[in-house]
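Participant:
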Amino acid sequence: MVVEDEAVDPRIAQQSLQPRKADRIVGAQQFLHRRDVDGEQETCGGAALDRSLGHSMLVRVRARQADRAGGPADAQNGQENSGALVAGVDRVHVGRKPSLDPLCRLLGDELERVNQLIVQRMQSPVALIPQLAGYIVAGGGKRLRPMLTLGCARLCGYRGGRHIALAAAVEFIHTATLLHDDVVDASDLRRGRDTANAVWGNKPPILVGDFLFSRSFELMVADGSLRILEILSRASSVIAEGEVLQLMTANDTRTSEAAYLAVIQAKTAELFAAASRIGAVMAERPLEEEEALDRFGRNLGIAFQLVDDMLDFSAHPTELGKSIGNDFRDGKVTLPVLVAFARGDKGERAFWRRTIEKQDQRAGDLQQAIDLVEKRGALAETLSRARGYVATAIGALSIFRDGTERRALSDAAAFATERGF
8 MVVEDEAVDP RIAQQSLQPR KADRIVGAQQ FLHRRDVDGE QETCGGAALD
58 RSLGHSMLVR VRARQADRAG GPADAQNGQE NSGALVAGVD RVHVGRKPSL
108 DPLCRLLGDE LERVNQLIVQ RMQSPVALIP QLAGYIVAGG GKRLRPMLTL
158 GCARLCGYRG GRHIALAAAV EFIHTATLLH DDVVDASDLR RGRDTANAVW
208 GNKPPILVGD FLFSRSFELM VADGSLRILE ILSRASSVIA EGEVLQLMTA
258 NDTRTSEAAY LAVIQAKTAE LFAAASRIGA VMAERPLEEE EALDRFGRNL
308 GIAFQLVDDM LDFSAHPTEL GKSIGNDFRD GKVTLPVLVA FARGDKGERA
358 FWRRTIEKQD QRAGDLQQAI DLVEKRGALA ETLSRARGYV ATAIGALSIF
408 RDGTERRALS DAAAFATERG F
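In our numbering, the protein residues as written are 8 to 428.
1. Checking the sheet assignment: what are the DSSP bridge partners for L196?
2. Output the boundary residues of the alpha helix (DSSP H) element that contains F407.
3. So is Q366 buried or exposed if we call it buried at 16+ other beta carbons inside 10 Å?
4. Would the segment 238–257 and the segment 277–291 be scored as touching if the rule is three or more Cβ pairs under 8 Å?
5. Given V121, which residues of its chain have a CB within under 8 Å of its CB, disregarding the five upstream and five downstream residues?
6. So C159 is in the alpha helix (DSSP H); what residue range does that whole segment cover?
7. Would you kindly work out how many angstroms separate the C-alpha atoms of P137 and P105, rounded to a whole number?
8. Can we say the segment 198–211 touches the segment 252–262, given the rule of at least three CB pairs closer than 8 Å?
9. Does the pairing of the segment 300–310 with the segment 402–418 give three or more beta-carbon distances under 8 Å?
10. Does the segment 342–350 come close enough to the segment 379–396 that 3 or more CB-CB pairs lie under 8 Å?
11. Once DSSP output is grouped into helix, strand and coil, what is the label at L110?
12. For the alpha helix (DSSP H) that contains M129, what are its first and last residues?
13. Identify, in the order they occur along the chain, each residue of the same chain with its Cβ nearer than 8 Å to the Cβ of R128, setting aside the five sequence neighbours on each side.
14. Using the Cα positions of A421 and A403, report the straight-line distance between them to the nearest angstrom.
15. Comparing alpha-carbon positions, which option in R197, V215 and D195 lies nearest L135?
16. Below 8 Å between beta carbons: does that hold for A276 and A160?
17. With a 10 Å radius around its C-beta and 16 neighbouring C-beta atoms as the bar for buried, classify G168 as buried or exposed.
18. Closer than 6 Å by C-beta to I406: which residues in its own chain qualify, once you throw out the five before and the five after it? Chain order, please.
19. For I331, name the three-state secondary structure that DSSP assigns.
20. Mind checking A482: buried by the 16 CB within 10 Å criterion, or exposed?
21. Among E364, G338, A310 and Q123, which has the Cα closest to the Cα of R392?
22. Looking only at its chain, what residues have a beta carbon closer than 7 Å to the beta carbon of T184, apart from the 5 residues adjacent to it on each side?
23. With distances taken Cα to Cα, identify the nearest neighbour of Q368 among L379, R350, D337 and A349.
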């Protein structure tokens, strides 16, 4: 994103809109935000891939648990259940770490066209709309969902041009939900930057989110496929249902794992599934392949959200790109909380009821929550579940011919549990 702003340092690769300044978008590049990693620049689709970590999430979690010698015997629960995972992680690091790079290289030109279309279609004579929309679009992100649309279309042999506009529609849906979610959650940090609601207040992001939703439907209608319109419009409604369901399960430690999974399947996995499935629809492939791509995207989306929920207790803000402990402060009941609650003693359960259900949170409570999810092996358990969903996602691609596209999509799925941001 190229922004007309005299204050932008030309030596800094990451350029974006500056809030409360008279900036305007004057052109688009690839939305590639670059960073140096061991002397090399690494870019992909909208955000740098963080590969500077020497160890995986699980290894770091286990190291912190090892530092707490003398804890209760059941602190070993996670260790007993995840020894094979640690070995697997070590093998990954000895070999090649999963990455989005293969998919980025495969889709480079197409993804640039998607980014250009996004800039074009977010324009409006109402100046605040492109300013606010550009702020969040230029704020980074992996562009994973539109990449799934592009990659799955190629996997199915599609060689037309419709996938560009539909990938942009998918990204508009996702961006609109981010704007709305940050208002609902009162979030002040996303991708390492102030959220739009922190800059402009609550009303503009809600309205601009509505504008982006409308733009996505304009692109779907222009495509002309009722089947694709059906898939993406249903995904939009299911996402909204998921967000409402999450409000209903918040502040309730009696929430079941099934209810929790219903939330993340709706609010996250549904768009992953739809973004993947429409690749087969564009290519006019049989229903079997449509359903396989749906399973691929859906299981990948669940894994992606599981890791997000784990990182809320285990990452550093610079890695996660948003404030740590937001879910805890909001009283959201995620898998790490459910596992820690189920494995905890009477005193620990009383802590979770006070902080989650009663929202009686005091100084030091977040750190205690982090200590408890580590002590009870909840982070390792969550990561283990995520890896299981990734394995299912990759397995769903087995009906397709092995080749560059399938391997790149598989690698992108494996990356979901290795990301550190």
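Ideal placement from N, C-alpha and C gives every residue a C-beta, glycine not left out. Since the model is a prediction, treat every value here as computed from it, not as a measurement.
Facilitator: A quick look at the data gives this:
1. D201
2. Here F407 belongs to no alpha helix (DSSP H), and DSSP marks it neither H nor E.
3. exposed
4. yes
5. R150, P153, L157, I171, A174, A175 and E178
6. L151 to L162
7. 35 Å
8. no
9. yes
10. yes
11. helix
12. Here M129 belongs to no alpha helix (DSSP H), and DSSP marks it neither H nor E.
13. A175, F179, R222, E225 and L226
14. 13 Å
15. V215
16. no
17. exposed
18. A299
19. coil
20. Because residue 482 is not part of the residues shown, which for the chain are 8 to 428, the question remains open.
21. A310
22. I246
23. D337
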